[in-house]
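Participant: The structure is given below, and queries will be raised subsequently.
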Amino acid sequence: MTQPKRKKRRLRGPKRRFFPVAEPVLGEAEARGVAECVRSGWISSLSPWVRKFEEGFAAYCGVKDAVAVSSGTAGLHLVLVALGVGPGDEVIVPDMTFVATANAVAYTGARVVTADVDPETWNITPETVRRVLTGRTRVVIPVHLFGNPADVAGIRRVIGPGVAVIEDAAESHGAVFRGRKTGALGTVGVFSFYANKIITTGEGGMITCRSRRLGKRLRFLRDHSMDPKRRYYHPEIGFNYRLTGIQAALGIAQMRRIEEILLAKRGIAEWYREFLGEERGLKFQRERAGAKSSQWMVSVLLPKGVKRTRIERRLRERGIDTRPFFHPISSLPMYSGSRKQPVAKELFRRGITLPSGANLGREDVRWICCTLRECLS
Numbered sequence: 402m403t404q405p406k407r408k409k410r411r412l413r414g415p416k417r418r419f420f421p422v423a424e425p426v427l428g429e430a431e432a433r434g435v436a437e438c439v440r441s442g443w444i445s446s447l448s449p450w451v452r453k454f455e456e457g458f459a460a461y462c463g464v465k466d467a468v469a470v471s472s473g474t475a476g477l478h479l480v481l482v483a484l485g486v487g488p489g490d491e492v493i494v495p496d497m498t499f500v501a502t503a504n505a506v507a508y509t510g511a512r513v514v515t516a517d518v519d520p521e522t523w524n525i526t527p528e529t530v531r532r533v534l535t536g537r538t539r540v541v542i543p544v545h546l547f548g549n550p551a552d553v554a555g556i557r558r559v560i561g562p563g564v565a566v567i568e569d570a571a572e573s574h575g576a577v578f579r580g581r582k583t584g585a586l587g588t589v590g591v592f593s594f595y596a597n598k599i600i601t602t603g604e605g606g607m608i609t610c611r612s613r614r615l616g617k618r619l620r621f622l623r624d625h626s627m628d629p630k631r632r633y634y635h636p637e638i639g640f641n642y643r644l645t646g647i648q649a650a651l652g653i654a655q656m657r658r659i660e661e662i663l664l665a666k667r668g669i670a671e672w673y674r675e676f677l678g679e680e681r682g683l684k685f686q687r688e689r690a691g692a693k694s695s696q697w698m699v700s701v702l703l704p705k706g707v708k709r710t711r712i713e714r715r716l717r718e719r720g721i722d723t724r725p726f727f728h729p730i731s732s733l734p735m736y737s738g739s740r741k742q743p744v745a746k747e748l749f750r751r752g753i754t755l756p757s758g759a760n761l762g763r764e765d766v767r768w769i770c771c772t773l774r775e776c777l778s
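Residue 778 is where the sequence shown ends in this note's numbering, and the numbering goes up by one at each step.
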């Protein structure tokens, strides 16, 4: 007697109806910290919370100084100005990065030069930098894409001592290369505290410095270039790139849980690799030997021939948010004169970022992965 065929059981979805790509981890500790700052009345950039936040972040990254700013973009611009970058200079940036990296260079009047990225790590390399290096190169800005540390030491060897390295560490809070945190690998580092980052102040950023002298210069420029000994006297053009006390109070509370968030993020990345693997042509970002990513955003390359927009639409219909990779800098109208880079173009064509919020559970990730498999089949 033949057994009746069993119906194939469909994986039941989780209780949550929508999975965003990212969401902040906020709680009572953050609310108490902000409330305490508000009650004190010290809510502006003169608040003692700002200096406390800077000191704590510098200690965390293992650098001599840190300067809080209004955004990561502001931080990049401020550093370039402090280094004297301007018209006639060239600054090398990855072709695969968020537009702010290039825009900060354009603000100074310097020329944006794009370098291609490695097809495995998705970061610029010493070799891709070497290809576009000229006698006019003043700065190289390696981006630790999605939290994966770039080869800063290798790049520094290629460019020599006369060219500065600004780490765009907007996505790599807590990432490590051979025992040193990002933000402490180059001449200077710049972090973002936007709402989707590892830790957040809503908006905001931090510059990490290996030199207190540079930190002093950055603070001067950050506050309209006001002479600290002659109030309201401004010997040069400056900027209003200050962070508020309220934001700093939020950042201090976030720093107390950064290791907890990083642990969750790295666990989520492991679950994605466990449930998806690469058997269907999906490809994950690779960490170099000695590198430990912050796993800010779990991202994959879809199999060749798969239309990314169709997968994004089908996942969205199932309550799963995604986002594409950044448009290559050289594909944007204002940088159309930059050299087109083939790897960056391929990453944009196939790349997709999956839900990566630190609050995701194992079963959430399993369901997302099973749904992605269905969409690919």
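Positions of the beta carbon are idealized from the N, C-alpha and C atoms, including for glycine. Remember, predicted model here, so these are calculated numbers, not experimental data.
Closest to G758 by CA distance: which of R557, Y673, S778, G682 is it?
Facilitator: For the purposes of this step, residue 758 is taken as residue 357 along the sequence shown, with counting starting at 1. Checking every option, the nearest Cα to that of G758 belongs to Y673.
Participant: Using 10 angstroms around the beta-carbon of R618, count the other beta-carbons present and answer buried if the total reaches 16, otherwise exposed.
Facilitator: Here residue 618 refers to the residue found at position 217 of the sequence shown. Counting Cβ neighbours within 10 Å, R618 comes out buried, since at least 16 surround it.
Participant: Is DSSP giving R407 helix, strand or coil here?
Facilitator: Taking the sequence shown and counting its residues from 1, the one referred to as residue 407 is at position 6. Bear in mind that the predicted position of R407 carries a pLDDT of just 44, short of 50, making it unreliable; the figure below should be weighed with that in mind. Correct three-state label for R407: coil.
Participant: Within 10 angstroms of its Cβ, does I753 collect 16 or more other Cβ (buried), or is it exposed?
Facilitator: Here the question's residue 753 lines up with position 352 in the sequence shown. By the 10 Å Cβ count, I753 comes out buried.
Participant: Identify which residue in N524, F419, F685 has its Cα closest to the Cα of L546.
Facilitator: Within the sequence shown, residue 546 is the residue found at index 145, counting from 1. If we check each option's Cα against that of L546, N524 comes out closest.
Participant: Give every residue of the same chain whose Cβ lies closer than 8 Å to the Cβ of P527, excluding the five residues on either side of it in the sequence, and list them in chain order.
Facilitator: For the purposes of this step, residue 527 is identified with residue 126 of the sequence shown, where counting begins at 1. For P527, where only same-chain residues beyond five positions count, the Cβ hits under 8 Å are D552, G555, I556, R558, V559.
Participant: DSSP on E675, reduced to helix/strand/coil?
Facilitator: Numbered from its first residue, the sequence shown carries residue 675 at position 274. Looking at E675 - three-state DSSP - the assignment turns out to be helix.
Participant: Per DSSP, P725 forms a beta bridge with which residues?
Facilitator: Counting from 1 along the sequence shown, the entry for residue 725 is found at position 324. DSSP lists I753 as partners of P725.
Participant: If the criterion is Cβ atoms closer than 7 Å, does the pair G606 and Q696 meet it?
Facilitator: Against the sequence shown, residue 606 aligns to sequence position 205. Against the sequence shown, residue 696 aligns to sequence position 295. No, Cβ-Cβ distance for G606 and Q696 is not below 7 Å.
Participant: In angstroms with no decimal places, state the Cα-to-Cα distance between M698 and V492.
Facilitator: By one-based count along the sequence shown, residue 698 stands at place 297. By one-based count along the sequence shown, residue 492 stands at place 91. Computed Cα separation, rounded: 26 Å.
Participant: Determine whether the beta carbon atoms of C771 and R715 lie at a separation below 7 Å.
Facilitator: If you number the sequence shown from 1, residue 771 lands on position 370. If you number the sequence shown from 1, residue 715 lands on position 314. No, the Cβ-Cβ distance between C771 and R715 is not below 7 Å.
Participant: Kindly give me the distance between the Cβ atoms of W450 and C438, rounded to whole angstroms, as I take these residues to be in contact under 8 Å.
Facilitator: Translated into positions along the sequence shown, residue 450 becomes position 49. Translated into positions along the sequence shown, residue 438 becomes position 37. Sure, about 5 Å apart at Cβ, within 8 Å.
Participant: Where do the N-terminal and C-terminal ends of the beta strand (DSSP E) with E431 fall, by residue?
Facilitator: Sequence index remark: in the sequence shown, residue 431 carries index 30 (1-based). Here E431 belongs to no beta strand (DSSP E); instead the alpha helix (DSSP H) covers 429 to 441.
Participant: Whole angstroms are fine: how far does the CA of A436 sit from the CA of F470?
Facilitator: For this step, residue 470 is matched to residue 69 along the sequence shown. For this step, residue 436 is matched to residue 35 along the sequence shown. A small fix is needed here, since residue 470 is Val in this sequence, not Phe. When rounded, the distance between both Cα atoms is 21 Å.
Participant: Measure the Cβ-Cβ separation of G779 and W443 and say whether it is below 7 Å.
Facilitator: No answer is possible for residue 779: the residues shown for the chain start at 402 and end at 778.
Participant: Roughly how many whole angstroms lie between the Cα atoms of A670 and R631?
Facilitator: Within the sequence shown, residue 670 is the residue found at index 269, counting from 1. Within the sequence shown, residue 631 is the residue found at index 230, counting from 1. Their backbone Cα atoms lie some 52 Å apart in a straight line.
Participant: So G605 is in the alpha helix (DSSP H); what residue range does that whole segment cover?
Facilitator: If you number the sequence shown from 1, residue 605 lands on position 204. Segment: none, G605 is in no alpha helix (DSSP H) and carries neither H nor E.
Participant: Which residue's Cα is closest to the Cα of A791: V482, K582, R620, S593?
Facilitator: The structure shown does not extend to residue 791, since the chain is modelled only from 402 through 778, so no value can be given for it.
Participant: Identify whether V506 lies in helix, strand or coil by the three-state DSSP scheme.
Facilitator: By one-based count along the sequence shown, residue 506 stands at place 105. Note: V506 maps to helix in three-state DSSP.
Participant: Identify which residue in R687, I659, I769, F685 has its Cα closest to the Cα of I712.
Facilitator: Translated into the one-based positions of the sequence shown, residue 712 becomes position 311. For the residues R687, I659, I769, F685, the minimum Cα distance to I712 belongs to I769.
Participant: Can you check DSSP and say which residues form a bridge with C610?
Facilitator: On the sequence shown, position 209 is the one that residue 610 refers to. Looking at the DSSP assignment, C610 forms a beta bridge with D466, V589.
Participant: G639: which of G428, H478, T474 sits nearest, CA to CA?
Facilitator: Position 238 of the sequence shown, counted from the start, is the residue given in the question as residue 639. Of the candidates G428, H478, T474, the one whose C-alpha sits nearest the C-alpha of G639 is H478.
Participant: Would DSSP call D732 helix, strand or coil?
Facilitator: Start at 1 with the first residue of the sequence shown, and residue 732 comes out as number 331. Note that residue 732 is Ser in the sequence shown, not Asp. Helix at S732.
Participant: Would S426 pass as a contact of I659 if the rule is Cβ separation under 7 Å?
Facilitator: Numbered from its first residue, the sequence shown carries residue 426 at position 25. Numbered from its first residue, the sequence shown carries residue 659 at position 258. Here the sequence assigns Val to residue 426, which means Ser is not the residue at that position. Against a cut-off of 7 Å, the Cβ pair of I659 and V426 comes out as no contact.
Participant: Identify whether F578 lies in helix, strand or coil by the three-state DSSP scheme.
Facilitator: Within the sequence shown, numbered from 1, the residue matching residue 578 stands at position 177. Strand.
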